[in-house]
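Below: one structure, written as structure tokens.
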Amino acid sequence: MKKILSLLAFLAVGVFATGCSMSSVDPVTYNDSIVDVMNNIDKVYNDYSVYGEETSLEYVDKIEERRVQALATMSGLVAQFDTIGSYRDDSTLIDAARDYGKKNLELMDGAEKELVALWKKLADDETMSEETFKAEQKVIVDKINAAFDEMDTTFETIQTSFAAKHGYELEAAPSTSVGTSE
344 MKKILSLLAF LAVGVFATGC SMSSVDPVTY NDSIVDVMNN IDKVYNDYSV
394 YGEETSLEYV DKIEERRVQA LATMSGLVAQ FDTIGSYRDD STLIDAARDY
444 GKKNLELMDG AEKELVALWK KLADDETMSE ETFKAEQKVI VDKINAAFDE
494 MDTTFETIQT SFAAKHGYEL EAAPSTSVGT SE
């Protein structure tokens, strides 16, 4: 029992130290650690999206399983923001990242779920016209794209302000998006 308690105490100290350690690093490292988690969230979301687009509708149940798995993985990634903590009593950047992550979760559990339901409806309903399907799909996809545009703009605005406040310049990262078809 002592081994378990000391291991738990070690883990608790490690988590606490991880959360506190960000206040002693430079703001660029802090920013990069947040962006790394955000990139991981984006990767999971993009991987799911590509899988959904490339998988035949006869396997719509597999797409739904993958969506649920992506949601669980993304939830774990969003929780990582809690271990990063604030930077020298400035929580604006981590709060913005946390909001970004939560909005990704909302999209995965909302609009993406609607999209899977639409695909299932198309697979089950032989009377649905292709035009109706495409129109309904476009509404959902437009909602997803608008949400991503808003999330990106909001985070970038806060990130730019944070960088100016803490004296560093942001550099554009190479694009990691998978693109969209229109």
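Numbering-wise, the numbering used here comes out as the position in the sequence shown, counting from 1, plus 343.
Positions of the beta carbon are idealized from the N, C-alpha and C atoms, including for glycine.
None of these values were measured; they are calculated from a predicted model.
Backbone secondary structure at D438 - three-state DSSP: If you number the sequence shown from 1, residue 438 lands on position 95. Reduced to three states, the DSSP call for D438 is helix.
Out of A515, E397, R410, point me to the one whose CA is closest to A460's CA. By one-based count along the sequence shown, residue 460 stands at place 117. Answer by Cα proximity: R410.
Selection from L420, Q480, N374 that minimises the alpha carbon distance to Y388: Position 45 of the sequence shown, counting from 1, holds the residue named residue 388. The candidate whose alpha carbon is nearest that of Y388 is L420.
Okay, do the region 368-380 and the region 445-462 touch, 3+ Cβ pairs below 8 Å being the bar? Using a Cβ-Cβ distance cut-off of 8 Å, the region 368-380 and the region 445-462 are not in contact, since fewer than three pairs of beta carbons, one from each stretch, lie closer than that value.
Boundaries of the alpha helix (DSSP H) in which E397 is found, first to last residue: For the purposes of this step, residue 397 is identified with residue 54 of the sequence shown, where counting begins at 1. Per DSSP, E397 belongs to the alpha helix (DSSP H) from 370-397.
Please check the pair L450 and I501, which I expect to be a contact at CB under 8 Å, by giving their CB distance rounded to whole angstroms. Numbered from 1 along the sequence shown, position 107 holds the residue referred to as residue 450. Numbered from 1 along the sequence shown, position 158 holds the residue referred to as residue 501. Rounded, the Cβ-Cβ distance is 19 Å, inconsistent with contact.
Within the chosen definition, does the region 502-513 reach the region 388-403 through at least 3 CB pairs nearer than 8 Å? no
With respect to the alpha helix (DSSP H) encompassing M494, which residues constitute its N-terminal and C-terminal limits? For the purposes of this step, residue 494 is identified with residue 151 of the sequence shown, where counting begins at 1. 473-509 is the span of the alpha helix (DSSP H), which, as asked, contains M494.
Using only CA atoms, which one of K477, S504, Y430, L458 lies nearest to T372? Stepping through the sequence shown from its first residue, residue 372 is reached at position 29. Considering only alpha carbons, the answer is Y430.
Limits of the unbroken alpha helix (DSSP H) element including R410: Walking along the sequence shown from the start, residue 410 turns up at place 67. Its alpha helix (DSSP H) spans residues 403-427.
Quick one: what does DSSP say E514 is sitting in, helix, strand or coil? As a working note, residue 514 is residue 171 in the sequence shown. E514: coil per DSSP, three-state reduction.
Quick one: residues in its chain with C-beta nearer than 7 Å to the C-beta of T398, no 5 flanking neighbours on either side, listed in chain order? The residue labelled residue 398 in the question sits at position 55 within the sequence shown. Here the set comprises K405, I406.
By Cβ distance below 6 Å, which residues in the same chain neighbour Q423 in space, the five residues on each side in sequence not counted? Residue mapping note: residue 423 aligns to position 80 of the sequence shown, counting from 1. So the qualifying residues of the chain are V380.
For a quick check, are the C-beta atoms of W462 and V393 less than 7 Å apart? The count along the sequence shown starts at 1 and reaches residue 462 at position 119. The count along the sequence shown starts at 1 and reaches residue 393 at position 50. No; because the gap between Cβ atoms is not below 7 Å, this pair is not in contact.
Kindly indicate which three-state DSSP category D467 falls into: helix, strand or coil? As a first step, residue 467 must be located in the sequence shown, where it is residue number 124. DSSP places D467 in helix when its eight states are reduced to three.
List the DSSP bridge partners of Y430. Residue numbering aside, residue 430 sits at position 87 when the sequence shown is read from its first letter. In the DSSP output, where bridge partners are listed per residue, Y430 has D433.
Using the Cβ count rule (16 or more neighbours within 10 Å means buried), how would you classify E408? Mapped onto the sequence shown, residue 408 falls at position 65. E408 comes out exposed.
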